[in-house]
Amino acid sequence: MLGKSAFEFYHYLDSVPPKVEFHQHPFYELFFFLDGNVNYTIEGKTYKLRPGDILLTNSLDIHRPEIFPGKPYERIIVWLEDRFFEQLLAGGDDLASCFADAARKDYRRIRPSHGGLIRMRTLCHQVSMAQNSQALGSYTLVCAYLFEFLVEVCRCYFETSELPREDVTESQKINLILDYINQNIALNLSLDDIAREFYISKFYLSKQFKRYTGMSIYQYIIKKRVAISRDLLRSGASVTTACMECGFNDYSNYLKAFKREFNCNPSEFAAHRHDSLSYCPQS
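Here it is in structure tokens:
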């Protein structure tokens, strides 16, 4: 049986739009949009959401919803550790494969069919009911319903992943720049270097990057580096190794950036890395 920290399941409803900053999680996140008026930015792409849309993000995806007034904001959020999926791999079922494929294709939205949406909402309701029950076997039912929900999500993803992209704002040039940054994140990247690499002016690059990602190049690089260092810490790397391998040349700057992003210092995170679902606050 899975440990309870291998996943967390939440159903949120806000009448007043919350303000959420750009962030990333040390686990997989499944975002199931139920209602509201929301644009969701993930790694340079902004998705105009419809009720029923599902977003899949992994531990390195920087993302943020922009929630507009006028409608209640309702969503289901599922956080999943790697080990949640591990017990199924022996049987050949890789339910994390949809997350990996979405990251590879750099398109992280699923738009289920009407029938699929009804099944998914029903299963989420069953998870919620079992999660709030004290009856014998309730936790086992939570896991069972959640596995079934993920099977539906994974099947829906691979059935629809080749459909045309809809309701998404992006720039192919910025996509290439993001890919370049991520491929060279450990190097001494600067605005000048990137502008020269892509034969564009610094002013134009800065303006377009902010337009499509919602942040400056410097902010993006720092957020990506601390996310990589966090994952290294989770895998057992030392704080010094995590600092150097993700591109920080100054240890004190690394400590400040990590604490600013995760509200804890790297050594504290490393000491609690097996409980990372709840240790560092998440928005």
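Counting with the working numbering, you get residues 3 to 285 for the letters of the sequence shown. Every residue gets a Cβ at the ideal spot worked out from N, C-alpha and C, and that includes glycine.
Check, Outcome
"Suppose you measure from the CA of M122 to the CA of F11; what does that come to, to the nearest Å?", "14 angstroms"
"How many angstroms separate the CA atom of E344 from the CA atom of W81?", "No answer is possible for residue 344: it lies beyond the span of the chain, which begins at 3 and ends at 285."
"Would you mind reading off the limits of the alpha helix (DSSP H) that contains Y182?", "174-185"
"Measure the Cβ-Cβ separation of R275 and G238 and say whether it is below 9 angstroms.", "yes"
"Can you tell me which of the three DSSP states Y109 falls into?", "coil"
"Are the CB atoms of D63 and A105 nearer to each other than 9 angstroms?", "yes"
"What is the DSSP secondary structure of Y14, counted as helix, strand or coil?", "strand"
"If you follow the alpha helix (DSSP H) that D37 is part of, which residue opens it and which one closes it?", "No alpha helix (DSSP H) holds D37; the beta strand (DSSP E) holding it covers 30-37."
"In the structure shown, what three-state DSSP assignment does P268 receive?", "helix"
"Are Y206 and S231 closer than 9 angstroms when you measure CB to CB?", "no"
"How is the beta strand (DSSP E) around K47 delimited, first residue to last?", "47-50"
"DSSP puts R77 in a beta bridge; with which residues?", "Y14, F35"
"Closest by CA to Q210, which one among N60, E270, C245, L178?", "L178"
"With three or more beta-carbon pairs closer than 8 angstroms as the criterion, would you say the stretch 180-189 touches the stretch 244-252?", "yes"
"Quick one: measure Cβ to Cβ for G118 and C158, integer angstroms, because I've assumed they're closer than 8 angstroms.", "5 angstroms"
"Apart from the five residues on each side of it in sequence, which residues of its chain come closer than 6 angstroms, Cβ to Cβ, to H65?", "I44, T59"
"Around the C-beta of Q174, are 16 or more other C-beta atoms found within 10 angstroms, so that it is buried, or is it exposed?", "exposed"
"For T215, count neighbouring Cβ atoms within 10 angstroms of its own Cβ and tell me buried if that reaches 16, exposed if not.", "buried"
"So, under 8 angstroms CB-CB, V129 and F151 are touching, yes? Tell me the CB distance rounded to an integer number of Å.", "7 angstroms"
"Can the beta-carbon of E83 be found closer than 9 angstroms to that of A8?", "yes"
"Given I78, which residues of its chain have a CB within under 6 angstroms of its CB, disregarding the five upstream and five downstream residues?", "H13, F34, C126"
"What's the C-alpha gap between L51 and V153?", "22 angstroms"
"Quick check: the Cα distance between G72 and L15, rounded to an integer number of angstroms?", "14 angstroms"
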